[in-house]
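Student: Per our numbering, residue 1297 is the first one in the sequence shown, and the count goes up by one each step. Note that CB positions come from ideal geometry on N, CA and C, so glycine has one too.
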Amino acid sequence: MRKKGHKPLNRINTYLKNPSVLCTELESGAVLLNLETKCHYKLNQTGLRIWQLIDEFSNPIDIAQKLAEEYAVDKEKTITSVVKLIKELQKEEIILLDKTSKENKENEFVLVLTGDSIITRRLSVYEEEEFLSVIELIRKADIRFTNLEVLIHNYEGYPAAESHGTHMAAEPFVAKELKWVGFNLVSRANNHAMDYGIKGLMTTSKLLDEVGLVHAGVGKNLALARAPAYLETKSGRVALISCSSTFPTFFRAGEQRRDIKGRPGLNPLRYQTTYVVDSQFMDEIKRISSLLKIPLAGSKESFKFLGSRFMVGDYPKIITTPFELDLKGNIESIKEARRQADLVLVSHHAHEANGEIGIPAEFIVTFARASIDAGADVFIGHGPHVLRGIEIYKDKPIFYSLGNFIFQFETVKFLPAEAYEDYGLESSSSPADLYRIREKKGKRKTGFSTNPIYWVSVLPQITFKNRILCEINLYPITLGFGNPIHKRGYPMLANKTLGQRIINRLKQLSLPFGTGITYEDGVGIVKIK
1297 MRKKGHKPLN RINTYLKNPS VLCTELESGA VLLNLETKCH YKLNQTGLRI
1347 WQLIDEFSNP IDIAQKLAEE YAVDKEKTIT SVVKLIKELQ KEEIILLDKT
1397 SKENKENEFV LVLTGDSIIT RRLSVYEEEE FLSVIELIRK ADIRFTNLEV
1447 LIHNYEGYPA AESHGTHMAA EPFVAKELKW VGFNLVSRAN NHAMDYGIKG
1497 LMTTSKLLDE VGLVHAGVGK NLALARAPAY LETKSGRVAL ISCSSTFPTF
1547 FRAGEQRRDI KGRPGLNPLR YQTTYVVDSQ FMDEIKRISS LLKIPLAGSK
1597 ESFKFLGSRF MVGDYPKIIT TPFELDLKGN IESIKEARRQ ADLVLVSHHA
1647 HEANGEIGIP AEFIVTFARA SIDAGADVFI GHGPHVLRGI EIYKDKPIFY
1697 SLGNFIFQFE TVKFLPAEAY EDYGLESSSS PADLYRIREK KGKRKTGFST
1747 NPIYWVSVLP QITFKNRILC EINLYPITLG FGNPIHKRGY PMLANKTLGQ
1797 RIINRLKQLS LPFGTGITYE DGVGIVKIK
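#1: Whether or not the stretch 1800 to 1808 and the stretch 1422 to 1435 are in contact is what I'm after, with contact meaning three or more pairs of Cβ atoms, one per stretch, closer than 8 Å; do they touch?
#2: With 16 other CB atoms within 10 Å as the buried threshold, where does TYR1311 fall?
#3: Taking only three categories from DSSP, how would you classify ILE1415?
#4: Can you have a look at ASN1487 and say buried or exposed, based on whether 16 or more other CB atoms are within 10 angstroms of its CB?
#5: Let me know if HIS1782 comes out buried or exposed under the rule of 16 or more other beta-carbons within 10 Å of its beta-carbon.
#6: Using only CA atoms, which one of THR1416, GLY1550, PRO1618 lies nearest to PHE1659?
#7: Would you kindly work out how many angstroms separate the C-alpha atoms of LEU1363 and PHE1701, rounded to a whole number?
#8: Please name the residue or residues paired with ARG1559 in a DSSP beta bridge.
#9: Hey, is the stretch 1688 to 1695 in contact with the stretch 1757 to 1774, meaning 3+ C-beta pairs nearer than 8 Å?
#10: Does the stretch 1440 to 1459 come into contact with the stretch 1473 to 1492, if we say contact requires no fewer than three beta-carbon pairs (one atom in each stretch) closer than 8 Å?
#11: I need the boundaries of the beta strand (DSSP E) containing ARG1566, first residue and last residue.
#12: Indicate the three-state DSSP secondary structure (helix, strand or coil) for PHE1809 in the structure shown.
#13: So is ILE1614 buried or exposed if we call it buried at 16+ other beta carbons inside 10 Å?
#14: Leaving out the 5 sequence neighbours to the left and right, which residues in its chain are closer than 7 Å to VAL1640 when beta-carbon positions are compared?
#15: Cα separation between GLU1458 and ASN1355?
#16: Determine whether the beta carbon atoms of GLY1743 and ASP1412 lie at a separation below 9 Å.
#17: Drop a sphere of 10 angstroms on the beta-carbon of THR1793, count the other beta-carbons inside from all chains shown, and report buried for 16 or more, exposed for fewer.
#18: Identify the continuous beta strand (DSSP E) that holds MET1578 and give its terminal residues.
#19: Pull up the distance between the alpha-carbon of ARG1417 and that of MET1578, whole angstroms please.
#20: Could you please give me the residues that DSSP links to ALA1593 through a beta bridge?
#21: Counting C-beta neighbours from all protein chains within 10 Å, is the total for ARG1734 16 or more, i.e. buried, or is it exposed?
#22: Quick one: residues in its chain with C-beta nearer than 8 Å to the C-beta of GLU1476, no 5 flanking neighbours on either side, listed in chain order?
#23: Skipping 5 residues on each side, what residues in its chain have a beta carbon closer than 7 Å to that of THR1410?
#24: Short check: CB of VAL1317 to CB of LEU1331, under 9 Å?
#25: Based on DSSP bridge pairs, tell me the residues matched to PRO1618.
The structure is reproduced here in structure tokens:
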């Protein structure tokens, strides 16, 4: 029985001791013997205390809270340890799932996650079996997520003077196409969120609302952009916090004050960069500063030069850290969502790499782990348009980048004058002229059109039972690399040969995070610790 007045942190499976288990207490802990299977299990003193608390509290979250109070230790770390031991005891049939408990019949979530969706054309017309299989996978899930990297409107707004690449725009029918695919949860904070100013941002919000798509990451002010969005499902309530680290400065939402309005925009997670150089290089910077009469701000060992921070170190490297104010604000939003939802998702858009494009910048790893520490159940990265590694951190999945899901950036209907100027094209040129020139330049620079890594990805299918991660299956997809512009950019299940290559690359990218991935019958399987 649960102690009177004790409030559980979350609903989670409840358990009973197996009546066939004999417990023998020792000075070092205890030995549990299953009289039916003849299997025994050794416990240390902490494990023994967990065993004793099963009678009183019956579920791991409540046990962990009590244990944290008794030993004055970190609650989240205790939860991880208790859940791990409970899993082991259940596997050995030392404890049993309480099948009479109502809690055990609820809270199973199946998620399917996708990366960037740059959708400009109808998807509902395609009939390939490999494409429809992707759609079926998405529709069968409870939570169906994508990062929407276009603005949906009829060009009512004005194009921004600056954009990170293409000014992304899609016609209003795209909202219904997203709904047709099956999506029900959409992140919006990314480097195209304000390509058509406030009007484009607000029109997109209106059209998504009209088709019933829950979305997060942008708003009329910073508080609204940073606020969790909530999706109601038959399994429970799901929260999404969406933020971006890659964006033009004026995309950032502003705080509301009592005497002035906030600024519409996206939820930022800015970062700071420090370049570590040797003393000889530092002396050269000082010499150049003196010659050009450019003031240096800082100390002898660390200072700013031309907007960048430099410091002396033993060997050259780049250090990136989350901007403290943005980190604090996003963590507070995650904690708020943890109190209000059964499952919490954090979506983060960032192009920044640590050298090679497939390796996330240092600040991304820091933020991802901090998000889990604050109560997130899944961290979803996207932005570089390629796959990055997977980490299982404290029994929660971190996807550092899911690459592309829909990649139709080459068929945006209209483009502003600046886009043509960037490629030296005359005012009479058409979007097709620009795309052709860009593709030719891409061939020389190994751009999107000539590198297959931008045209493959995976669809993670994740199962949670009462916040416990049960399995992750990875379905490899291809977006049609090498096909003509108008025939590529939408997802299809990869054949087994290509699927093996995709999973092998993801496996290599995940090794630094200690994550094991196998490939069986066309599906990648993530090893759950």
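Tutor: Short version:
#1: no
#2: It is buried - the Cβ of TYR1311 has at least 16 other Cβ atoms within 10 Å.
#3: coil
#4: buried
#5: exposed
#6: PRO1618
#7: 43 Å
#8: Per DSSP, none; premise fails for ARG1559.
#9: yes
#10: Judged by Cβ distances under 8 Å, the stretch 1440 to 1459 makes contact with the stretch 1473 to 1492, as three or more pairs qualify.
#11: That residue, ARG1566, is in no beta strand (DSSP E); it is neither H nor E in DSSP.
#12: helix
#13: exposed
#14: ALA1535, ILE1630, ALA1633, ARG1634, GLY1671, ALA1672, ASP1673
#15: 53 Å
#16: no
#17: exposed
#18: Run containing MET1578: none in the beta strand (DSSP E); it sits in the alpha helix (DSSP H), 1575 to 1588.
#19: 52 Å
#20: LYS1600
#21: ARG1734 comes out buried.
#22: A small fix is needed here, since residue 1476 is Trp in this sequence, not Glu. Counting only Cβ-Cβ distances below 8 Å, and skipping sequence neighbours, we find LEU1419, SER1420.
#23: PHE1441, THR1442, LEU1698, PHE1701, LEU1755
#24: yes
#25: TYR1567
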